[in-house]
Each structure stands twice: as structure tokens, then as C-alpha cells.
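Undergrad: Below you'll find the structure I mean.
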Amino acid sequence: MKIDLPKPPQRFASVTGLRPEKAAYYEQLHAHPWPGIVRMIKQCHIQNYSIYVREIDGKLFLFSYFEYTGEDLGADMKAMAADPETRRWWQETDPCQLPLPEAAQAGGIWADAREVFHLS
Numbered sequence: 029m030k031i032d033l034p035k036p037p038q039r040f041a042s043v044t045g046l047r048p049e050k051a052a053y054y055e056q057l058h059a060h061p062w063p064g065i066v067r068m069i070k071q072c073h074i075q076n077y078s079i080y081v082r083e084i085d086g087k088l089f090l091f092s093y094f095e096y097t098g099e100d101l102g103a104d105m106k107a108m109a110a111d112p113e114t115r116r117w118w119q120e121t122d123p124c125q126l127p128l129p130e131a132a133q134a135g136g137i138w139a140d141a142r143e144v145f146h147l148s
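Structure, rendered in C-alpha cells:
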């Protein structure tokens, strides 16, 4: 008898800047995320999602990590981007963030980070 083991999740990390004058508001939003935002994240097969803040040389940076358990990341991200509540959430969070140059050049906010080590 063949037993299908669950596929391990894909791991993703990214980095962006955080505007100092918006840091408290950004943290307040994430301390009490809107229920529809949490629901959409889970609906799009994202789990173990964390955002960390770190000050480096007087500048604030956000580090994001999540695990994706779905089959089509592109389709799930399109579904998330089409969700009206998510779009309203991003209208609140995007002005708080300060994209790194490579993300800004691509018209985005978060710059991908490359995994160099993982211990499971």
C-alpha cells in the first residue's frame, strides 16, 4: 500500500523598509488585523506568516516569512490582490512601507530574500 505523504510547504521571505513616522500605526494594524484579512491569507494557503521589525543603522526594516501549502501561488496571489478588503488593507499598510530600491524599480514594495539555511 502506498502512503502519500503531505507535500512540504514552500517557504518565502522578503524585506522592506518601514517609515519611522508610520511605524506605530503599522504595528497597531498588525496587532489587530481585520478578520477578513486573516481569512483571505488562510484561504490563499498561507500559514506560519510572521512579520518582524528591526532597526539597522537608524533605519527600520520589516522582514516577512510565510509558508505556502497550495498548488498555484500565482493564482492564489491574484485572488488575494482581487479581494476588496485586502485592497483596502494595503491602502493602509503600503504608505507605511519604504521599498528597497530593487522592489521600487519593479513597482513593488517587498524584496524577496533568498534562503541560505533551513533546519526542519
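First residue of the sequence shown? That's 29 in our numbering, and the numbers climb one at a time after it.
Note that CB positions come from ideal geometry on N, CA and C, so glycine has one too.
A quick note: this is a predicted structure, and the numbers were derived from the prediction, not measured.
Starting from I79, trace the beta strand (DSSP E) in both directions and tell me its first and last residue.
TA: Where I79 is concerned, the enclosing beta strand (DSSP E) stretches over 74-84.
Undergrad: Three-state secondary structure (DSSP) at E120?
TA: Reduced to three states, the DSSP call for E120 is helix.
Undergrad: With distances taken from CA atoms, which of M68, L33, L128 is nearest L46?
TA: Per the Cα distances, L128.
Undergrad: Determine, using beta carbons only, whether T97 and Y54 come nearer to each other than 8 Å.
TA: No, the pair does not count as a contact, with Cβ atoms beyond the cut-off.
Undergrad: Is it buried or exposed, A110, if we count other Cβ atoms within 10 angstroms and call 16 or more buried?
TA: A110 comes out exposed.
Undergrad: If I follow the unbroken beta strand (DSSP E) through R39, where does it start and stop?
TA: Note, R39: beta strand (DSSP E), 38-46.
Undergrad: What residues are listed by DSSP as bridge partners for K87?
TA: Its beta-bridge partners are I84.
Undergrad: Could you tell me the boundaries of the beta strand (DSSP E) in which R140 lies?
TA: Per the sequence presented here, residue 140 reads as Asp, with Arg not at that position. 139-141 is the extent of the beta strand (DSSP E) around D140.
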